[in-house]
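Presented below is the structure to which this report refers.
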Amino acid sequence: MFERLSGRLGEVFERLTKRGALGEGDVDEALREVRVALLEADVALPVVKSFVAKVRTRAVGAEVLRSVTPGQMVIKIVNDQLVEMLGGESAGLSLAAVPPVPIMMVGLQGSGKTTSTAKIAKRLTDREKKKVLMASLDTRRPAAQEQLKILGEQAGIATLPIIAGQMPVDIAKRALQAARLQGFDVVMLDTAGRLHVDEALMAEVAAVHAATQPAEVLLVADALTGQDAVNVAEQFKSRAGVTGIVLTRMDGDGRGGAALSMRAITGCPIKLLGTGEKLDALEAFHPDRIANRILG
Ligand code: GDP
Numbered sequence: 001m002f003e004r005l006s007g008r009l010g011e012v013f014e015r016l017t018k019r020g021a022l023g024e025g026d027v028d029e030a031l032r033e034v035r036v037a038l039l040e041a042d043v044a045l046p047v048v049k050s051f052v053a054k055v056r057t058r059a060v061g062a063e064v065l066r067s068v069t070p071g072q073m074v075i076k077i078v079n080d081q082l083v084e085m086l087g088g089e090s091a092g093l094s095l096a097a098v099p100p101v102p103i104m105m106v107g108l109q110g111s112g113k114t115t116s117t118a119k120i121a122k123r124l125t126d127r128e129k130k131k132v133l134m135a136s137l138d139t140r141r142p143a144a145q146e147q148l149k150i151l152g153e154q155a156g157i158a159t160l161p162i163i164a165g166q167m168p169v170d171i172a173k174r175a176l177q178a179a180r181l182q183g184f185d186v187v188m189l190d191t192a193g194r195l196h197v198d199e200a201l202m203a204e205v206a207a208v209h210a211a212t213q214p215a216e217v218l219l220v221a222d223a224l225t226g227q228d229a230v231n232v233a234e235q236f237k238s239r240a241g242v243t244g245i246v247l248t249r250m251d252g253d254g255r256g257g258a259a260l261s262m263r264a265i266t267g268c269p270i271k272l273l274g275t276g277e278k279l280d281a282l283e284a285f286h287p288d289r290i291a292n293r294i295l296g
């Protein structure tokens, strides 16, 4: 991901730094190319416009154009603005509630929700020594509950025993009850997905939310779907109280637009990145590291 964008921006900045002295016209020309590169990377238009405008305002300031290395200073401004666009600071999971702390996982079918549930459970177990219980509330897809159970066995994470025919809200309540009785710190609730956002899905998510009052609602979105991922996140944010985003398939060769526009469009922090199919392929999201990766 980001390779093409990184290459394009690299060319623009190489020309800029070679030039030595810069005028406003040079900055404008470079920013036109930056704009095209971002649009080609599938970054949302309003995000690109705001980004370019902010960089321009700072870059044509007298102290930049009259400095000894104006090109380098423009690159630094682009870097800072990228970090800001990605949310500035990295945001961790907020688990500061009375245990068992419910974390609700939401998202479309196939986004990587169940895999991410197990990855997060494993990370909390391994790194933070939390005792985690996972429960699948997906009563629509027959194999879904079984899939989470198998992932739990692979990762050594407890899963709530399956009771056939139980409804999602009842499974969630049973999970919290079991966690309270057995001293679990965190309960991961893997809700059902759909192919598209629809009323039934949102009603189910809202009912589970009301019954469990989760500390985190993590939307799992597939980075390879670009702006569609951002649209889905907006819909979930307005209806499901999303507190953070997990972007999956960051190991794929997508153009990067979802990762780059998600925060600016939805206002929700990206908290974690899925970087492969294995259960340890999960990384914290650091805006400054992503900016470094893009700008080399
Ligand atoms: P769900 O329907 O949203 O629960 O999706 P799943 O968790 O079942 O994942 C669907 C497929 O995507 C599975 O084959 C996963 O192994 C794969 N997958 C999930 N996350 C990632 C990721 O970050 N990178 C890659 N390459 N594959 C992933």
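Numbering (UniProt numbering), first residue to last: 1 to 296. Positions of the beta carbon are idealized from the N, C-alpha and C atoms, including for glycine. None of these values were measured; they are calculated from a predicted model.
Check                                                                                                                                                                     : Outcome
Fully enclosed by the stretch 130–205, which beta strand (DSSP E) runs are 3 residues long or longer?                                                                     : 132–136 and 186–190
When you compare only the Cα positions, how much space is there between Val242 and Phe236?                                                                                : 7 Å
Around the Cβ of Gly156, are there at least 16 other Cβ atoms within 10 angstroms (buried) or fewer (exposed)?                                                            : exposed
For Ala96, name the three-state secondary structure that DSSP assigns.                                                                                                    : coil
For the putative contact between Ala215 and Leu95, defined by C-beta atoms under 8 Å, what is the C-beta separation to the nearest angstrom?                              : 6 Å
Given this structure, state the Cα-to-Cα distance separating Gln72 from Ala200, to the nearest angstrom.                                                                  : 52 Å
Going residue by residue through the stretch 39–77, where are the continuous alpha helix (DSSP H) segments of at least 4 residues, counting only ones entirely within it? : 45–59 and 62–65
Write down the C-beta distance between Asp42 and Arg255 rounded to the nearest angstrom, noting that I regard them as a contact closer than 8 Å.                          : 5 Å
Of the choices Met104, Asn79 and Thr225, whose alpha-carbon is the least far from that of Ala210?                                                                         : Met104
Does the ligand GDP have a heavy atom nearer than 7 Å to the CB of Glu277?                                                                                                : yes
On the DSSP bridge list, what partners appear for Val230?                                                                                                                 : Val230 pairs with nothing; no bridge assigned.
Could you say which of Leu195, Leu151, Glu153 and Ser136 lies nearest to Gln166 if we only look at CA atoms?                                                              : Ser136
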